[in-house]
Amino acid sequence: MKKITLIAIVVFSFTTVLYSQTPDYQLVAKNFGPLELIGNYINFDIYLVHTDTTRFEYAAGEYYLNFQTAVANGGVLSYIIDDNGSINLPPNLRPRNPRILDNNDGTSRLMLSMNVLPGSGNGYVIPQNPVGVKLMRMLLFTSAPQGMLIRIDFPDIHMVDLRLSWRESPSTPSTNILSYIGGSAVNVTNPSRHSIDSSGLRVYPVELTSFSHSVTDNTVLLEWTTASEINNSGFEVLKKQSGLEYWSTIGFVKGNGTTHEQSSYLFKDKVNTGRYNYRLKQLDYNGNFEYFDLNNEVIVGTPSKFVMSQNYPNPFNPVTKITYEIPASADVKLFIYDNAGREVIILVSRFQEAGYYTVDFNGSNLSSGVFYCKLESGTFSAIRKLVLLK
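Residue numbers (this note's numbering): 1064 to 1453.
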């Protein structure tokens, strides 16, 4: 009996200690977005993360953040709760009455008032996990048509110029968090555990709104659109075969520098039968860059029939391109002959897979004149007239 009583006392004492300790936590403002160069609003989450093993019964909280007033960019600011259904706290425990007050020193403060205390046992137990609890999702809006103020940090990193920080004691009012400990609501605020994850405040010099492709025969057409650009030198176009690692640069499209108007771009690429991936490498004038990947794999099928195109250019001096298509794998011969029917050069004489082909013909060792190019494969043959003009 004494042993049972002793165990009960030990368990009671351990539980009392556990429930009477001050919980450790992290308070983080994060998930800033959207990332727009001319964005009129930015929203963010306030998270509370329980970082130790003590019981953390959340009772109430008031949350104050200082920021640079000039981010309004000449517009009028509004601060509201962006209730998208993902907030973890029950409605009666959520902070309330969002508003903005000028600090009269070039900064203002975002304010969320404390909820009514629910009573011990009626709070919200913060679980012990690294994700934490989303207390609120907030939205800050400016009426300025040009959007929120953007600053440029070295080396040309664009940030929404919010300069957000937690407002802490001894400033009044300041951020406070209350937890029920031993039946009483206790202020457990620890400013050293409050932080801002500002990575989401970065905006990129080019806001790409679409990037798509279409295929006609063996021509891939890439099209993309930007909503705005800052210091944009242009776009390198890169390609690789699906399943391979190596990207090759196949072209460059000049950008529009700095513009807040929509811009549209296109690039054509002639390829053989196969599967390909494409990406853009956007470059600014300082050498900084960012990649944009085409979401879909580009598939170029086999030709439906034999085709031999006219060489280009024609007339030419001294090099011209000859393109042809074969619908099925076969032996192929492509050769040049002169007006007298004499064979001048054999360009292709081998077995080839179905696909699209381009061959260069260099006439630097020939005199000006009329020549003929003939394609033979099985029962198919075609002839094109070439004019070498030096």
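All residues carry an ideal CB built from backbone N, CA and C; glycine is no exception.
Cβ neighbours of residue i in the same chain (closer than 6 Å, five flanking residues each side left out)
| i | result |
| --- | --- |
| residue 1007 | Outside the displayed range of the chain (1064 to 1453) lies residue 1007, so it cannot be described from this structure. |
| residue 1084 | 1117 |
| residue 1431 | 1451, 1452, 1453 |
| residue 1280 | none |
| residue 1241 | 1122, 1123, 1248, 1250 |
| residue 1427 | 1381 |
| residue 1257 | 1090, 1229 |
| residue 1393 | 1440, 1441 |
| residue 1326 | 1289, 1319 |
| residue 1076 | Here the model assigns residue 1076 a pLDDT of 39, short of 50, so the residue's position is not dependable and the matter cannot be decided. |
| residue 1113 | 1088, 1119, 1189, 1191 |
| residue 1378 | 1450, 1452 |
| residue 1322 | 1292 |
Own chain, CB closer than 7 Å to residue i, minus 5 neighbours either side, in chain order
| i | result |
| --- | --- |
| residue 1132 | 1165, 1169, 1170, 1171 |
| residue 1344 | 1298, 1299, 1301, 1352, 1354 |
| residue 1178 | 1123, 1155, 1156, 1157, 1158, 1159 |
| residue 1333 | 1281, 1282 |
| residue 1305 | 1338, 1339, 1340, 1360 |
| residue 1403 | none |
| residue 1408 | 1398, 1399 |
| residue 1390 | 1365, 1366, 1367, 1368, 1369, 1417 |
| residue 1073 | Confidence is the limiting factor: at residue 1073 the pLDDT is only 37, short of 50, which leaves the residue's position unreliable and the question unanswerable from this model. |
| residue 1197 | 1108, 1110, 1149, 1150, 1151 |
Neighbour-count burial assignment, residue i, 16 or more Cβ in a 10 Å radius
| i | result |
| --- | --- |
| residue 1068 | Its pLDDT being 44, under 50, residue 1068 is placed unreliably in this model, and the value from its coordinates should be taken loosely. Burial call: exposed. |
| residue 1446 | exposed |
| residue 1108 | buried |
| residue 1295 | buried |
| residue 1413 | exposed |
| residue 1454 | Limits of the chain in this structure are 1064 at one end and 1453 at the other, which puts residue 1454 out of reach. |
| residue 1223 | buried |
| residue 1356 | exposed |
| residue 1092 | buried |
| residue 1071 | Residue placement at residue 1071 is poorly supported in this model, since its pLDDT is 40, which falls under 50; the coordinates are not used for a value here. |
| residue 1115 | exposed |
| residue 1362 | exposed |
| residue 1182 | exposed |
| residue 1309 | exposed |
| residue 1243 | buried |
| residue 1373 | exposed |
| residue 1086 | buried |
| residue 1324 | exposed |
| residue 1097 | exposed |
| residue 1371 | buried |
| residue 1162 | exposed |
| residue 1235 | exposed |
| residue 1312 | exposed |
| residue 1406 | exposed |
Element boundaries [beta strand (DSSP E), containing residue i]
| i | result |
| --- | --- |
| residue 1257 | 1257-1259 |
| residue 1453 | Element bounds for residue 1453: n/a, residue is neither H nor E. |
| residue 1269 | 1269-1279 |
| residue 1431 | Residue 1431 -> no beta strand (DSSP E), and no H or E assigned at all. |
| residue 1089 | 1088-1096 |
| residue 1367 | No beta strand (DSSP E) contains residue 1367, which DSSP labels as neither H nor E. |
| residue 1176 | 1170-1176 |
| residue 1249 | 1247-1250 |
| residue 1159 | 1159-1165 |
| residue 1189 | Residue 1189 -> no beta strand (DSSP E), and no H or E assigned at all. |
| residue 1144 | 1140-1144 |
Sequence-distant residues of the same chain with beta carbon closer than 8 Å to residue i, five excluded per side
| i | result |
| --- | --- |
| residue 1273 | 1286, 1287, 1288 |
| residue 1199 | 1108, 1109, 1126, 1144, 1150, 1152, 1157, 1158, 1175 |
| residue 1314 | 1299, 1300, 1330, 1332 |
| residue 1303 | 1309, 1310, 1311, 1339, 1340 |
Residues bridged to residue i (per DSSP)
| i | result |
| --- | --- |
| residue 1395 | 1413 |
| residue 1342 | 1301, 1356 |
| residue 1421 | 1386 |
| residue 1325 | Beta-bridge pairing links residue 1325 to no other residue. |
| residue 1239 | 1125 |
| residue 1438 | 1397, 1445 |
| residue 1292 | 1269, 1322 |
| residue 1110 | 1091, 1197 |
| residue 1224 | DSSP lists no partner for residue 1224. |
| residue 1104 | 1204 |
| residue 1084 | Paired residue(s): none; residue 1084 is not in a bridge. |
| residue 1315 | 1299 |
Proximity test, Cβ basis, 7 Å: residue i and chain B
| i | result |
| --- | --- |
| residue 1226 | No chain B appears in the structure shown, which is made up of a single protein chain. |
Exercise for the section: Answer yes if the stretch 1370-1387 comes into contact with the stretch 1415-1433, meaning at least three C-beta pairs across the two stretches below 8 Å, and no otherwise. Expected result: Verdict: yes, contact present.
Problem - Touching by the beta-carbon criterion (3+ pairs, under 8 Å), the stretch 1248-1258 and the stretch 1285-1302 - result: Flag = no, the stretch 1248-1258 and the stretch 1285-1302 do not touch.
Exercise for the section: Could you tell me whether the stretch 1110-1128 touches the stretch 1187-1194, where touching means 3 or more Cβ pairs closer than 8 Å? Expected result: Between the stretch 1110-1128 and the stretch 1187-1194, the count of C-beta pairs closer than 8 Å reaches three or more; the two stretches touch.
Handout entry: At least three beta-carbon pairs within less than 8 Å, the stretch 1134-1143 to the stretch 1197-1210
Key = Touching, per the Cβ criterion.
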